[in-house]
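Participant: Chains as they are written, first to last, in the numbering used here: chain A, 2 to 815; chain B, 24 to 190. After the structure tokens below, expect a handful of questions from me.
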Ligand code: SF4
Ligand code: SF4
Ligand code: SF4
Ligand code: SF4
Ligand code: FES
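Written as structure tokens, this is what we have:
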């Protein structure tokens, strides 16, 4: 522990660890020293001078080394000038006065100065109502200015930095929080200052502008309304918004969020989501979000969503009632005589998946997980222990990222792993190509696609890397599906599990799956399993497909579904699978109902209904209960009840309750209260931090050694290519493509090749080539990447090409 | 006793000479007082642009929760008001309104003004909700209404520099 020092702030005695900045020491006892440029997540820079305080230190007698006493008290000498509380560390016997006449006058003048060129257009400013400058002006401002109104600078008010973030040059107070966030926290220095003095301007260095998936965070921490998102610009005044706690459903990080909602005339008087804001959870996302989580929610409000149950009559889907649809679906499931397949994806909540699993069990059918990534049985066993927190990892911790492009697969983990690296953690990245995390890794291991397992098995034999792994105090292994399909990831998971075996159950130790869906981990825990031959599983069966679109993803699966006996599709949209279905059941988006997700770190987290249901849609667990009732299986139909059943049935959830998931605790830094200037507009967490599932170790079971399956090696012949799937953050998936503002980020399908290989093919960057794989041919444009090996073609998932794993493909120029 | 009667009648005769204090409303209407608070009007600038910038401060000030504002972004091709923001929806529920005038006080552009009109009656609750087209005054003679196509870069200020109201 660091040495504790005693000091006095505004007449209150406190002790704080040596080195603590005055502003933080004050904050800890509830004293708010005004700041603009300081942010508790970033290094202090002392640029704005808002935090001026009077600082006095005891006079030390040079001869004795003891403080000089006066009336029995140490004599304090105050400096001739005010000091910045955000850059001055506390010291023994220090006396800080933030409220004295002198300090007040200093703060007063800084506000007056900052306002000399501020437009004061609060009435139309999106930050109005939660603006640090507004609040601090009211609290510390002089009320009158000695500067002339006519001398104000009038600058451009609508400068798009990128297509998601707009800058108002007049409003910027040059605190550099946005720039420092991009440099220090996101590790992507894509914006910076240009010019000097009053002409200082924020510019972007990239093309396209502000090219970072964390850009939205800058709008939260900007202490004025200089940065706004294109999503929320002029959308509503902040005080008119209602807020509902939720969890991001886009990836396995499980960032805590708040949905801000409002009734809107433009939406025919419906209550709609106006913006997504981060909710503090220092163990999950701190106070950050990625732009996908912030801007992709529009799919929940797409008018094309299914609003009524449909039943196929005379070969055509026709609107029907819930009673009729459920009776038909349930009847078919009951009469299928156990020949039932429930196919669901990790987009669903724990409650939905549990009801579906119970239904499959009740009917003697199979519960299959629709995914192309395996290894969840191993993460359930060797997953990270309770209390794991990337934010606490530093020296002594080794983090191995295997076959995962975290930046695209789970952006906030990328940010957190990068943060751990900065604090001294050893980060090892093993991948078949360069990823953004490489720049922050201590060791980068490059392998040929197909050698993943061998590479991981061989890591311990390598001198330095082996040392870093075996002698690490803490070891976290993240594995993903970069370049791999179901078998490849299952094998990779087994190899990774070997590394963490002895450590399972300990905090900051264990295995993490970087899943394609938010709740894949939950699905595995509840008992859903993928199969490597889905086509033959579907043929001839009565199939209940929930939150998955196999027919849209792969023509072979579409063919298999056509041969199914009866298809029930439960979805948000009329997907290709729903087109083939005999009964279509409209599900609610997760924003419309209660439930919980299990994050990749095995943390169960609650979300709450934020907006009313679309049309006649119902929650997935409730629909399943309705269908099950008609099939003769009794299931609970309220989220709380289902969760109670889940907890007593699935051991990993033992001991959890909704109340436990809703528990909160004091977090540092303190954000989201009255003092928006300290942490930004992030919301305080008042609705639950979530809780870890029980690990195998804690359940008293011994883990068996993971088993590696045989894999057929893919050897492309001369003139052929090995096509491998990679994940793209903004894909054409159901939960992304509805967001108009992400359109340019989604783009069209691409193939990434080595420049030399592309030259051989005669195709340059951006040109079209024809790719044929898995019986499909499509035209895609070429991207170049020097780190990809010669005969490998990277294909993004979810961009319309049927690629579920590595496959031999043909390429030719068009 | 006669004396008292005479005094009473004197008042009657005096009043006969003064003329009536009542008017034959609705044929005849009285001037309202300068500070009378009647039905709201949304004002325009002389050039026809709307004064309202959709800031919702009137709605925030309203003690009766009678006002609903929804904003959108102006462009120079389709400009409603100066600056970046205008009210794309503006509604006042006249049944909720208590004619306190707080909205007028709160408005940073003097856009919403409680006018002279006190003749409000409805046969349906929905008719009590005055929408923007009912509230907005017509553009003055010879001036274009909104939206207007304007020269780029001219109307960049939402809140004009103006004097404090005097009366
Ligand atoms: S845009 Fe905002 S965060 Fe960035 S320097 Fe200006 S005021 Fe600070
Ligand atoms: S990192 Fe994942 S969970 Fe977090 S906001 Fe982005 S998509 Fe959502
Ligand atoms: S006059 Fe008063 S009650 Fe009526 S709309 Fe204005 S603020 Fe509301
Ligand atoms: S009337 Fe005035 S206060 Fe109300 S929204 Fe318009 S500009 Fe703002
Ligand atoms: S100088 Fe201390 S907060 Fe900016």
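Just so it is clear, CB atoms sit at the ideal spot from N, CA and C, and this is done for glycine as well.
Let me confirm a value: residue 666/A is counted as buried when at least 16 other C-beta atoms fall within 10 Å, else exposed. Which label applies?
Facilitator: As a working note, residue 666/A is residue 665 in the first chain. With fewer than 16 other CB atoms across the displayed protein chains lying within 10 angstroms of its CB, residue 666/A is exposed.
Participant: Let me see if you follow: with CB-CB separation under 8 Å, is residue 83/B close to chain A or not?
Facilitator: As a first step, residue 83/B must be located in the second chain, where it is residue number 60. Yes, residue 83/B counts as interfacial toward chain A.
Participant: Could one say the Cβ of residue 441/A lies closer than 8 Å to chain B's Cβ atoms, at least one of them?
Facilitator: Locating residue 441/A in the first chain gives position 440, where the first residue counts as 1. No, no contact with chain B.
Participant: Under the three-state reduction of DSSP, which class applies to residue 202/A: helix, strand or coil?
Facilitator: Here residue 202/A refers to the residue found at position 201 when the first chain is read from its first residue. Looking at residue 202/A - three-state DSSP - the assignment turns out to be strand.
Participant: Please confirm whether residue 603/A and residue 746/A have their CB atoms less than 8 Å apart.
Facilitator: By 1-based counting over the first chain, the position of residue 603/A is 602. By 1-based counting over the first chain, the position of residue 746/A is 745. Contact flag unset, no.
Participant: Quick check on the DSSP output: what are the complete alpha helix (DSSP H) runs of length 4 or more inside the stretch 462-526 of chain A, in order along the chain?
Facilitator: 464-471, 487-501
Participant: Taking the alpha helix (DSSP H) that residue 296/A falls in, what are its first and last residues?
Facilitator: Locating residue 296/A in the first chain gives position 295, where the first residue counts as 1. Its alpha helix (DSSP H) spans residues 292-296.
Participant: Under DSSP, the alpha helix (DSSP H) around residue 38/B begins and ends at which residues?
Facilitator: Stepping through the second chain from its first residue, residue 38/B is reached at position 15. Counting along the chain, the alpha helix (DSSP H) containing residue 38/B begins and ends at 25-41.
Participant: Should residue 734/A be labelled buried (16 or more other beta-carbon atoms within 10 Å of its own) or exposed?
Facilitator: Taking the first chain and counting its residues from 1, the one referred to as residue 734/A is at position 733. Buried, because 16 or more other Cβ atoms sit within 10 Å of the Cβ of residue 734/A.
Participant: Does the CB of residue 169/B have a neighbour CB from chain A at under 8 Å?
Facilitator: To locate residue 169/B, count along the second chain from 1; it is residue 146. It does not; no Cβ of chain A falls within 8 Å.
Participant: Verify whether the separation of the beta carbon atoms of residue 572/A and residue 561/A is less than 8 Å.
Facilitator: In the first chain, residue 572/A corresponds to position 571, counting from 1. In the first chain, residue 561/A corresponds to position 560, counting from 1. Their beta carbons are not under 8 Å apart, which means residue 572/A does not touch residue 561/A by this criterion.
Participant: Which residue from 227/A, 719/A, 686/A, 203/A puts its Cα closest to that of residue 134/A?
Facilitator: Locating residue 134/A in the first chain gives position 133, where the first residue counts as 1. Residue 134/A has its Cα closest to that of 227/A, out of 227/A, 719/A, 686/A, 203/A.
Participant: Which residue's Cα is closest to the Cα of residue 672/A: 344/A, 292/A, 685/A, 660/A?
Facilitator: Numbered from 1 along the first chain, position 671 holds the residue referred to as residue 672/A. Taking only the C-alpha atoms, the option nearest residue 672/A is 685/A.
Participant: Chain A beta carbons: is any one of them nearer than 8 Å to that of residue 47/B?
Facilitator: Reading the second chain from its first residue, position 24 is the one you call residue 47/B. For residue 47/B, the answer is no, since every Cβ of chain A falls outside 8 Å of its Cβ.
Participant: Below 8 Å CB to CB, which residues in the same chain sit around residue 422/A once its five sequence neighbours on both sides are set aside?
Facilitator: As a working note, residue 422/A is residue 421 in the first chain. Contacts found: 400, 428, 441, 442, 443.
Participant: Check whether chain A comes within 8 Å of residue 194/B, counting only Cβ atoms and requiring the distance to be less than that.
Facilitator: Residue numbering for chain B in the displayed model covers 24 to 190; residue 194/B lies beyond these limits and cannot be assessed.
Participant: Tell me, please, whether the CB atom of residue 126/B is closer than 8 Å to any CB atom in chain A?
Facilitator: Position 103 of the second chain, counting from 1, holds the residue named residue 126/B. Chain A contact via Cβ: absent.
Participant: Is the beta carbon of residue 114/A within less than 7 Å of some heavy atom of ligand 5?
Facilitator: Here residue 114/A refers to the residue found at position 113 of the first chain. Using a cutoff of 7 Å, the CB of residue 114/A does not count as near ligand 5, since none of the ligand's heavy atoms is closer than that.
Participant: Can you have a look at residue 814/A and say buried or exposed, based on whether 16 or more other CB atoms are within 10 angstroms of its CB?
Facilitator: Counting from one through the first chain, the residue named residue 814/A turns up at place 813. Counting Cβ neighbours within 10 Å, residue 814/A comes out exposed, since fewer than 16 surround it.
Participant: Please say whether residue 350/A and residue 520/A have beta carbons closer to each other than 8 Å?
Facilitator: The sequence position of residue 520/A within the first chain is 519, counting from 1. The sequence position of residue 350/A within the first chain is 349, counting from 1. Taking 8 Å as the Cβ cut-off, residue 520/A and residue 350/A qualify as a contacting pair.
Participant: For residue 79/B, which residues does DSSP report across the bridge?
Facilitator: As a working mapping, residue 79/B is identified with position 56 in the second chain. Bridge pairing for residue 79/B: absent [DSSP].
Participant: If we require 3 or more residues per run, which beta strand (DSSP E) segments fall completely within the stretch 764-801 of chain A?
Facilitator: Note on the stretch 764-801 of chain A: whole beta strand (DSSP E) runs with a minimum of 3 residues are 769-774, 777-785, 793-797, in chain order.
Participant: Please state whether the Cβ-Cβ distance between residue 254/A and residue 411/A is less than 8 Å.
Facilitator: Residue 254/A sits at position 253 when you count from the first residue of the first chain. Residue 411/A sits at position 410 when you count from the first residue of the first chain. In contact: residue 254/A and residue 411/A (Cβ atoms closer than 8 Å).
Participant: Return the CA-CA distance between residue 529/A and residue 374/A, expressed in angstroms with no decimal places.
Facilitator: In the first chain, residue 529/A corresponds to position 528, counting from 1. In the first chain, residue 374/A corresponds to position 373, counting from 1. One C-alpha to the other measures close to 13 Å.
Participant: Does the beta-carbon distance from residue 122/B to residue 92/B come in below 8 Å?
Facilitator: If you number the second chain from 1, residue 122/B lands on position 99. If you number the second chain from 1, residue 92/B lands on position 69. Against a cut-off of 8 Å, the Cβ pair of residue 92/B and residue 122/B comes out as no contact.
Participant: Is residue 404/A helix, strand or coil by DSSP?
Facilitator: In the first chain, the residue the question calls residue 404/A occupies position 403. Of the three classes helix, strand and coil, the one that applies to residue 404/A here is coil, per DSSP.
Participant: Taking only beta carbons into account, state which residues of the stretch 125-139 of chain A come closer than 7 Å to chain B, listed in chain order.
Facilitator: Residues passing the 7 Å Cβ filter: 125.
Participant: Show which residues of chain A have a CB atom less than 7 Å away from the CB atom of residue 181/B.
Facilitator: To locate residue 181/B, count along the second chain from 1; it is residue 158. Neighbours of residue 181/B on chain A, chain order: 122, 124, 125.
Participant: Within this structure, are the beta carbons of residue 187/A and residue 213/A separated by less than 8 Å?
Facilitator: Mapped onto the first chain, residue 187/A falls at position 186. Mapped onto the first chain, residue 213/A falls at position 212. Yes, the Cβ-Cβ distance between residue 187/A and residue 213/A is below 8 Å.
Participant: Take residue 101/A as the anchor and find which of 79/A, 39/A, 117/A, 312/A has the nearest alpha-carbon.
Facilitator: Position 100 of the first chain, counted from the first residue, corresponds to residue 101/A. Of the candidates 79/A, 39/A, 117/A, 312/A, the one whose C-alpha sits nearest the C-alpha of residue 101/A is 79/A.
Participant: Identify every run of the beta strand (DSSP E) within the stretch 87-152 of chain B, keeping only runs that are complete inside it and at least 3 residues long; order them along the chain.
Facilitator: 90-96, 108-116, 135-137
Participant: Could you tell me the distance, in whole angstroms, from the CA atom of residue 498/A to the CA atom of residue 12/A?
Facilitator: As a working mapping, residue 498/A is identified with position 497 in the first chain. As a working mapping, residue 12/A is identified with position 11 in the first chain. Those two C-alpha atoms are separated by around 55 Å.
Participant: Rounded C-beta distance between residue 493/A and residue 403/A? I'm assuming under 8 Å.
Facilitator: Mapped onto the first chain, residue 493/A falls at position 492. Mapped onto the first chain, residue 403/A falls at position 402. Taking 8 Å as the upper bound for CB-CB distance, residue 493/A and residue 403/A are in contact here, some 6 Å apart.
Participant: Since residue 261/A and residue 248/A are thought to touch, with beta carbons under 8 Å apart, how far apart are those beta carbons, to the nearest angstrom?
Facilitator: Taking the first chain and counting its residues from 1, the one referred to as residue 261/A is at position 260. Taking the first chain and counting its residues from 1, the one referred to as residue 248/A is at position 247. The pair is not a contact, with the Cβ atoms about 15 Å apart (cut-off 8 Å).
Participant: For a test of your reading of the model: does the CB of residue 183/B fall under 7 Å from any non-hydrogen atom of ligand 4? Yes or no.
Facilitator: Here residue 183/B is taken as the residue at index 160 of the second chain, counted from 1. Outside the cutoff, so no.
Participant: Taking 7 Å as the line, does the beta carbon of residue 176/A fall inside it for any heavy atom of ligand 6?
Facilitator: In the structure shown, ligand 6 is absent; the only ligands present are ligand 1, ligand 2, ligand 3, ligand 4 and ligand 5.
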